[in-house]
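Count the sequence shown with our numbering and you get residues 3 to 246, in order.
For glycine and all other residues, C-beta sits at the position ideal for the given N, C-alpha and C.
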Amino acid sequence: MKVPEEVVAALRSAGSVTVLTGAGISAESGIPTFRGPDGVWREVDPEDVATPEAFLRDPLGVWRWHKKMRKLVLSAEPNPAHRALARMEGMYGNFTLVTQNVDGLHRRAGSRNVVEVHGNILRDRCQDCGKVVEEPEFWEMDSPPRCSCGGLFRPDVVWFGEPLPKEAWEEAEGASKRCDLFLLVGTSASVYPAALLPQVAKSSGAYLIEVNVGPSEASPLVDSSIFGRAGEVLPSLLRALEGG
């Protein structure tokens with residue numbers, strides 16, 4: 003595809019880049035979105051599987067539902083969009099990738115400076131002492147294991163009704179304030195507070211580029227929109243950036 007000249011110019015002149023990715027980028031790897039027409043929340047009530055109250059009420063049921071989601075994530079592979087972003091990171095002095103996804107595909111694709119504002123489903127956190135671990139043997143367990151402190155481990159993801167991790171949010175917000183180019187990929191920009199980040203970047207003077215299958219809530223805010231599949235658009239942006 004041909005990349006608009008103004009987008010090429012913005013990519014080449016940028017010194018500091020922040021990217022915000024959403025469920026759309028991972029959908030191309032076979033991971034269903036949560037809120038779309040065929041999204042996960044059409045099949046199951048999040049109040050039953052994705053709230054602190056649900057875990058207190060039914061830790062076994064919540065754990066087993068997340069086990070199914072983990073299997074789905076582990077069977078997925080990074081797609082060309084993930085890999086293009088990993089390549090882009092090496093082309094800028096300052097590059098921060100903020101993701102709302104919990105699947106870890108950006109890291110598997112080679113991205114290094116990743117801020118997971120909604121956590122990572124392949125990690126677990128003790129609900130009592132807060133210890134965070136990544137133990138592959140936990141992924142096969144049918145019931146939540148116990149921490150050395152006696153508390154139950156739960157998936158290290160942000161559930162409904164929970165705040166974002168303070169450190170991750172501060173890092174994401176700071177990167178959005180400092181960047182001169184902000185790239186949105188595969189996000190509806192409707193889930194707060196992450197949806198505030200494009201506004202933060204815009205108010206700080208950044209040039210905003212949106213890559214999505216269709217208009218999002220951020221579309222009126224951005225400087226350039228490219229509608230299409232991230233797996234096709236981002237490799238084209240990378241080639242344009244490389245001068246190809």
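Check your understanding: Which parts of the region 115–156 are runs of the beta strand (DSSP E), unbroken and 3 residues or longer, counting only runs that do not cross its ends?
Key -> 116–118 and 121–128
Practice item. In the DSSP assignment, find the alpha helix (DSSP H) that holds residue 236 and state where it starts and stops. Key: 232–244
Check your understanding: Can you tell which of 184, 215, 200 and 224 has the C-alpha that lies nearest to the C-alpha of residue 230?
Key -> With distances taken between Cα atoms, residue 230 lies closest to 215.
**Study point:** Nearest-angstrom Cα separation, counted from residue 34 out to residue 1
**Key:** In the structure as shown, the chain begins at 3 and stops at 246. Residue 1 is therefore absent and cannot be evaluated.
**Study point:** Distance between residue 199 and residue 186 (C-alpha atoms, nearest Å)
**Key:** 10 Å
Review point. What number of angstroms, rounded off, separates the C-alpha of residue 143 from the C-alpha of residue 127?
Key: Those two C-alpha atoms are separated by around 15 Å.
Review point. How big is the Cα-Cα spacing for residue 147 and residue 76?
Key: 20 Å
Check your understanding: Exposed or buried, residue 47, counting other C-beta atoms within 10 Å across all chains shown (16 or more means buried)?
Key -> Per the 10 Å Cβ criterion, exposed.
Check your understanding: Taking the runs of the alpha helix (DSSP H) that are 4 residues or longer, which of them lie wholly in the region 167–191?
Key -> Runs of the alpha helix (DSSP H) lying entirely within the region 167–191 and spanning at least 4 residues, in chain order: 168–180.
**Study point:** Touch test, the region 169–178 against the region 112–122, Cβ-Cβ under 8 Å, three pairs minimum
**Key:** yes
**Study point:** Close-in-space but distant-in-sequence residues of the same chain around residue 105 (CB under 7 Å, 5 per side omitted)
**Key:** 28, 33, 75, 78 and 123
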